[in-house]
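Take a look at the structure set out below.
This is how it looks when you write it as structure tokens:
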């Protein structure tokens, strides 16, 4: 427990202003967490992406959280730009979710597929 604001200011999460998204900085932050809490973030440290691709997407990067991924499909798409049968990966920990999607996709495919169209070319991003 911290006794003062000055004490909180002294104990900061490691950060490197010029190049913070590196394997080395992620390891320093995991070590910081281990020293402060006794928790070893072993699984979080196992990842294959390059942290240099992450600026603007995450601060104080320490690793990757793994979520189970299932697959549903095929889903027949009859779109302006995509046509064919697609298998859809779904990341979830909710039981029966992938099975429910799979049933719905099977019904849509059996009915001839889904017609898609682009109404507007835009992206919305909000915190």
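In my numbering, the protein residues as written are 1 to 127. Note that the Cβ used here is the ideal one computed from N, Cα and C, for glycine as well.
Query: Pull up the distance between the alpha-carbon of residue 68 and that of residue 92, whole angstroms please.; Result: 6 Å
Query: Give the straight-line distance between the Cα atoms of residue 58 and residue 29, rounded to the nearest whole angstrom.; Result: 14 Å
Query: Rounded to whole angstroms, what's the CA-CA distance from residue 84 to residue 113? Just pull it up for me.; Result: 9 Å
Query: Does residue 56 come out as helix, strand or coil in the three-state DSSP assignment?; Result: coil
Query: Rounded to a whole number of angstroms, what is the C-alpha to C-alpha distance between residue 118 and residue 80?; Result: 8 Å
Query: Report the option in 45, 17, 122 whose CA atom is closest to the CA atom of residue 23.; Result: 45
Query: Measure the Cβ-Cβ separation of residue 72 and residue 101 and say whether it is below 7 Å.; Result: yes
Query: Nearest to residue 62 by CA position, among 96, 53, 70, 21, is which residue?; Result: 21
Query: Classify residue 75: buried if its beta carbon has 16 or more other beta carbons within 10 angstroms, exposed otherwise.; Result: buried
Query: Spatial neighbours of residue 77 within its chain, please: CB distance less than 7 Å, with the 5 preceding and 5 following residues excluded, ordered by chain position.; Result: 83, 84, 86, 113, 114, 116
Query: Going along the chain, which residues of its own chain have a beta-carbon closer than 8 Å to the beta-carbon of residue 133, five neighbours each way excluded?; Result: The structure shown does not extend to residue 133, since the chain is modelled only from 1 through 127, so no value can be given for it.
Query: Just checking my contact of residue 32 with residue 13 at CB under 8 Å: how many whole Å lie between their CB atoms?; Result: 6 Å
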